[in-house]
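Below is one structure; the comments refer to it alone.
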Amino acid sequence: MNVDDLEELADKHREEYAAVKTEIRVCTAASCQSSGALPVLEALTTGCDASDHAGCCVKQVGCMGLCSAGPLVAIAAKDAPLDQAQIYRDVAATDAPEILTSAKTGTPMERLHCPTEMPFFARQQRIVLENSGIVDPNSFKGYVALGGYHAMVHALTEMTPAEVIAEVTTSGLRGRGGGGYPTGLKWSTVAKMPATQKYVICNADEGDPGAFMDRAILESDPHRVLEGMAMAAYAIGANKGFVYIRAEYPLAVERLKTAIRKAKRAGFIGHHICETEFNFDIEIRLGAGAFVCGEETALMASIEGGRGQPRPRPPYPAESGLWGHPTLINNVETYANIAPIVREGGDWFAGIGTERSKGTKVFALAGAICNTGLIEVPMGTPLRDIIEAIGGGIPGGKAFKAVQTGGPSGGCIPEAHLDIPVDYDSLKTLGTIMGSGGMIVMDETSSMVEVARFFMEFCMSESCGKCIPCRAGTAQMHGLLDRIVKGEAGRQDLALLEELCEVVQATSLCGLGQTAPNPVLSTLRYFRAEYEQRLLEQAA
Amino acid sequence: MPLPTPQSSVRVVTMKVDGLDLSAREDETIIEVCRENQIPIPSLCYLDGLSILGGCRLCLVELEGQSRLFAACSTRVAEGMRVVTNSERLQHYRRTIVELLFAERNHVCSVCVSNGHCELQNLAQGCGVNHVRMPYRYPHYEVDSSHEMFRVDHTRCVLCSRCVRVCDEIEGAHTWDIMGRGSDCQVITDLARPWGDSSTCTSCGKCVQVCPTGALVKQGTSAGEMVKDQSFLPILARRRHQR
Numbered sequence: 001m002n003v004d005d006l007e008e009l010a011d012k013h014r015e016e017y018a019a020v021k022t023e024i025r026v027c028t029a030a031s032c033q034s035s036g037a038l039p040v041l042e043a044l045t046t047g048c049d050a051s052d053h054a055g056c057c058v059k060q061v062g063c064m065g066l067c068s069a070g071p072l073v074a075i076a077a078k079d080a081p082l083d084q085a086q087i088y089r090d091v092a093a094t095d096a097p098e099i100l101t102s103a104k105t106g107t108p109m110e111r112l113h114c115p116t117e118m119p120f121f122a123r124q125q126r127i128v129l130e131n132s133g134i135v136d137p138n139s140f141k142g143y144v145a146l147g148g149y150h151a152m153v154h155a156l157t158e159m160t161p162a163e164v165i166a167e168v169t170t171s172g173l174r175g176r177g178g179g180g181y182p183t184g185l186k187w188s189t190v191a192k193m194p195a196t197q198k199y200v201i202c203n204a205d206e207g208d209p210g211a212f213m214d215r216a217i218l219e220s221d222p223h224r225v226l227e228g229m230a231m232a233a234y235a236i237g238a239n240k241g242f243v244y245i246r247a248e249y250p251l252a253v254e255r256l257k258t259a260i261r262k263a264k265r266a267g268f269i270g271h272h273i274c275e276t277e278f279n280f281d282i283e284i285r286l287g288a289g290a291f292v293c294g295e296e297t298a299l300m301a302s303i304e305g306g307r308g309q310p311r312p313r314p315p316y317p318a319e320s321g322l323w324g325h326p327t328l329i330n331n332v333e334t335y336a337n338i339a340p341i342v343r344e345g346g347d348w349f350a351g352i353g354t355e356r357s358k359g360t361k362v363f364a365l366a367g368a369i370c371n372t373g374l375i376e377v378p379m380g381t382p383l384r385d386i387i388e389a390i391g392g393g394i395p396g397g398k399a400f401k402a403v404q405t406g407g408p409s410g411g412c413i414p415e416a417h418l419d420i421p422v423d424y425d426s427l428k429t430l431g432t433i434m435g436s437g438g439m440i441v442m443d444e445t446s447s448m449v450e451v452a453r454f455f456m457e458f459c460m461s462e463s464c465g466k467c468i469p470c471r472a473g474t475a476q477m478h479g480l481l482d483r484i485v486k487g488e489a490g491r492q493d494l495a496l497l498e499e500l501c502e503v504v505q506a507t508s509l510c511g512l513g514q515t516a517p518n519p520v521l522s523t524l525r526y527f528r529a530e531y532e533q534r535l536l537e538q539a540a
Numbered sequence: 001m002p003l004p005t006p007q008s009s010v011r012v013v014t015m016k017v018d019g020l021d022l023s024a025r026e027d028e029t030i031i032e033v034c035r036e037n038q039i040p041i042p043s044l045c046y047l048d049g050l051s052i053l054g055g056c057r058l059c060l061v062e063l064e065g066q067s068r069l070f071a072a073c074s075t076r077v078a079e080g081m082r083v084v085t086n087s088e089r090l091q092h093y094r095r096t097i098v099e100l101l102f103a104e105r106n107h108v109c110s111v112c113v114s115n116g117h118c119e120l121q122n123l124a125q126g127c128g129v130n131h132v133r134m135p136y137r138y139p140h141y142e143v144d145s146s147h148e149m150f151r152v153d154h155t156r157c158v159l160c161s162r163c164v165r166v167c168d169e170i171e172g173a174h175t176w177d178i179m180g181r182g183s184d185c186q187v188i189t190d191l192a193r194p195w196g197d198s199s200t201c202t203s204c205g206k207c208v209q210v211c212p213t214g215a216l217v218k219q220g221t222s223a224g225e226m227v228k229d230q231s232f233l234p235i236l237a238r239r240r241h242q243r
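Protein sequence lines correspond, in order, to chains V and S. Residue numbers for the first sequence follow full-length UniProt numbering, so the first one is 1 and each next one is one higher. Residue numbers for the second sequence follow full-length UniProt numbering, so the first one is 1 and each next one is one higher.
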C-alpha cells in the first residue's frame, strides 16, 4: 500500500458517506458513557430515519473534552473541527427528537446549548486530540479519511529510519509520561544498539489519581497511537510492540483491540507493511492495576510475566529491556504526537510551546473546578489561564487554594505562583512536576494536610514492597500524617516526618519511592502553618 | 535480576574507596570489591552467590561528582571511580532504614531463636541503633510450623527475598515466592499453602540457612540457639555457574 492506495481507501469511505452532510456526534468515551451517553446514542440512532433526516447521520465519537457536561452531543458538518460544531450538553435520551429536529432544520436549540466560543474550547490547541470527538474510534476507514496512516505510509515508503528520528529530534518532543526525556534522543539510542531483536512498548498504565489523558486518547483515537508506535518501530528497527494497559480501562482495551484487528486486516500491522521489508506486530498486555508498573523496569518485568517490581538502572531499557533486548518505552501521548510531527515536520512542532518544552500538553482537569475534563494547550500557557479561563474557575463562589500537578510524584502550587507558564522546567522550580498531566484543583475548604495524607496513603498501598525505604517509610509517614490530621501529633512527629521525607527520597530504589514524599514536601513548603496548627501544644 | 553478562575480555580498573587506592575487574560491583578488601558495607538482601535485588538500600554509597546515591550491590566499578562508603549522611540513612525495619514487624531479640546470630541485630549494633523512634506497627501474622523440619515466623521477616532466590536459583525448586504489596508483602510457599503441604519443597534447608533473621528456622530451636551457615552458597553458586 502506498500513498495513492491510501487516498483511494479514503475516497471510498467518502463516497460511502457522500450523502451525509451533517453529523450528529455522540461522545461515547468512558466519562460520557458513565453519565448515560449510550441511551442517547440509541435514541438518536433509532430516531434518525433516512426518509425524514436525509443527509444526517448519527456517529459515535471520542472525548470532546468537557466531561463535566456529559453526555455531549455535537452537530457538525462532515469532518468539521470541534469549535465549528454546535455542542449540546447534559443530553438525555428524551432530548433526542429535539436534537434531530435541530440537526434537520439547522436552527440551534437554546436549552442545552454549550457555546464553543467559550474559552474552554476557543483557547485550546488540539494536536494530540485533533481527531478526538470527530472520528469514530471504531472506524478504520473513518480514521484514514481524516488523513490517518498517511504519515506512516509516508515514513515507511519515503523516509529512512534515520530521517524519521531526525524529524522527531527536530521537533523537540519530550516524553509525555512525565519524565520529559527527549524523545528523539531515546529513539536514536535504541536505534544505535546493535541487536537483531528490539521491542517497542506503549506505556498505557496510567494510574495517577485524577488523571485520564491516556485513557481518553486510547478511547477516542486508538489508531493514532498504533500509527505512532509503528513509526517508532520502523525508526529503531523493532518488529514487535506491546501496549501495556491496565485492565481497569475496559473500554480503551476494547477499542484498542478493534483498532489492532482492523489495522492488521488492512495490512498496516503485520508482515511487509506497505509492501516494504518492514514487519511489525502489536500485542496488548493487560496490567492488573499496580501504579508501580508504570515504572519502566517494573512494566517490563510484568510484560515478561514476572512480579511487577522495578530493578536498579543501569542497565536502561534502551540497552537491556524486554528479555534482555533493547527496548523503547514511550507513553501513549508521546506516540500520539508522532503522526502530526511526521506529517507537518519537526520544525512546525518546534514552533509551538516554549524554548525547552515544545508542542502541546494534554491535561486532565479535576477537582474543584467548573469545567472538569480534558484540555490540550501549548506548553507555556500560564497556569492561571488554565484554571480561570479554560477551567472556568472555582464553583460555588469559593476561593482557589492550590492545584496539585503530577499526581503522587508531584506537588501543590498555591495562588501566589499561578502565573507561571506550565512547562517541564518551571514546574520543577516550584517543587512539583508536570507528570503525565493530571491537575487536581482545590478550593479553600481543602485541608492540605489531608491532601498530603491522601497521596501518602496512595503511595503506601501502591508500593511494591521491594525496597525498605518505600515500603516501610511510606507506611510510617502515612501514620505520622494521620496523627497530625487527627491532632494527636507533637512537634517531634513533624520533625520525624521531615526526616523520613529526606531518607525515602534519597534511598528508594525507583521513581515511585523517590518521589513519594513530594506531596508532603510541597505542602510543607507552602502550607506549613496548616501542619503547625494541628500539632498538640507542647507541655512546657 | 542479574546484571548483563560481562564481556569475555575483562579489563582491570583502578579506583578509590574511602581514600584507599584499589584495583578491580571491570565486571565487578562496588560491593564485591569492598568485601574483597575488607571494607565493611552493610547489606541485607545482597548475598554472594545469589542474584542482585537492590532492595535493602543499606549498601548505598556516595560517588564523588554525583548527587544521588548508588547501591553498591548493583553498581559496577569504573575507571577512576571515587567511592565514599561511610559518610555521616550514609550512616544516618542506614540507621533510619534499620529503624524502619525494626518498626515494621515484631523484632523482639530477647525471645528470638536467632538472638546473637542475627544479621539484623548485628546491623543495628553496627549502625548504632539503640532505640527506635518510630511507633512499632505490630502487624498480625501466624507462625507456620507445618513443615516437619522448619518453621516460618513472618513477624521476623525483613522481605529480603534471599529464601526466594536461593530456592529458585540454587535449589531450582522455586517453592518460595512473595505475595501482596507494600508492607503487606509476605513470603509464601507454593500458592500460599502451608509449608508442610508443599509439593515442591525438597526440604533442603538452604532457605533457612540464608535467612538473615529468625524468620526461617529449624524446628525445636529455643531462644539464641539458631546458628546459620551460609558458607555453602558461594561454592555451590560458582560450581553451578561453571557447568
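The beta-carbon is built from N, C-alpha and C at its ideal position, and this holds for glycine as well. All figures in this text were calculated on a predicted structure; none of them were measured in a lab.
To the nearest angstrom, report how far apart residue i and residue j are at their CA atoms.
i: residue 505/V; j: residue 13/V; result: 55 Å
i: residue 221/S; j: residue 159/S; result: 22 Å
i: residue 17/S; j: residue 312/V; result: 21 Å
i: residue 332/V; j: residue 61/V; result: 19 Å
i: residue 381/V; j: residue 449/V; result: 29 Å
i: residue 164/V; j: residue 263/V; result: 21 Å
i: residue 243/V; j: residue 87/S; result: 44 Å
i: residue 81/V; j: residue 74/V; result: 10 Å
i: residue 283/V; j: residue 240/V; result: 8 Å
i: residue 430/V; j: residue 242/S; result: 54 Å
i: residue 162/V; j: residue 343/V; result: 16 Å
i: residue 334/V; j: residue 520/V; result: 29 Å
i: residue 11/S; j: residue 190/V; result: 26 Å
i: residue 418/V; j: residue 133/V; result: 30 Å
Skipping 5 residues on each side, what residues in its chain have a beta carbon closer than 6 Å to that of residue i?
i: residue 540/V; result: At residue 540/V, the pLDDT of 38 sits below 50, so the modelled position is not reliable; the number obtained from the coordinates is stated separately. Cβ neighbours of residue 540/V beyond the five flanking positions: none.
i: residue 153/S; result: 143 and 215
i: residue 487/V; result: 534
i: residue 459/V; result: 408, 474 and 516
i: residue 76/V; result: 23 and 85
Answer yes or no: do residue i and residue j have a C-beta to C-beta separation smaller than 7 Å?
i: residue 125/V; j: residue 378/V; result: yes
i: residue 61/S; j: residue 85/S; result: yes
i: residue 236/V; j: residue 328/V; result: yes
i: residue 169/V; j: residue 175/V; result: no
i: residue 59/S; j: residue 53/S; result: no
i: residue 231/V; j: residue 200/V; result: no
i: residue 213/S; j: residue 120/S; result: yes
i: residue 536/V; j: residue 310/V; result: no
i: residue 198/V; j: residue 247/V; result: no
With distance defined between alpha-carbon atoms, name the residue in the options nearest to residue i.
i: residue 104/S; options: 183/S, 232/S, 81/S and 195/S; result: 183/S
i: residue 307/V; options: 179/S, 47/S and 162/S; result: 179/S
i: residue 20/V; options: 32/V, 7/V, 216/V and 55/V; result: 55/V
i: residue 483/V; options: 410/V, 494/V and 473/V; result: 494/V
i: residue 250/V; options: 29/V, 478/V and 472/V; result: 29/V
Run the proximity test for residue i: is its beta-carbon closer than 6 Å to any non-hydrogen atom belonging to the ligand SAM?
i: residue 88/S; result: As for the ligand SAM, it is missing from this structure, which has no ligand bound.
Residues in its own chain within less than 7 Å of residue i by CB, not counting five upstream and five downstream?
i: residue 222/V; result: 137, 255, 256 and 259
i: residue 21/S; result: 14
Go through its chain and collect everything with a Cβ distance to residue i's Cβ below 8 Å, but skip five positions before and after it.
i: residue 196/V; result: none
i: residue 38/V; result: 28
i: residue 114/V; result: 66, 69, 72, 87, 88 and 89
If contact means a Cβ-Cβ distance below 9 Å, which residues of the region 409 to 426 of chain V contact chain S? none
For the region 500 to 511 of chain V, enumerate the residues whose C-beta is nearer than 8 Å to any C-beta of chain S, in chain order. 500, 503, 506, 507, 508 and 509
For the region 93 to 106 of chain S, enumerate the residues whose C-beta is nearer than 7 Å to any C-beta of chain V, in chain order. 93, 96, 97, 100, 101, 103 and 104
Along the region 310 to 334 of chain V, where does the CB come closer than 8 Å to a CB of chain S? Name the residues. 311, 312, 315, 319, 320 and 324
Any residues in the UniProt domain "2Fe-2S ferredoxin-type" (11 to 89) of chain S with a beta carbon nearer than 7 Å to a beta carbon of chain V? Which ones, in chain order? 54, 55, 56, 57, 60, 69, 71 and 74
Contact residues within the region 132 to 146 of chain S, judged by C-beta distance below 9 Å to chain V: 133, 134, 135 and 137
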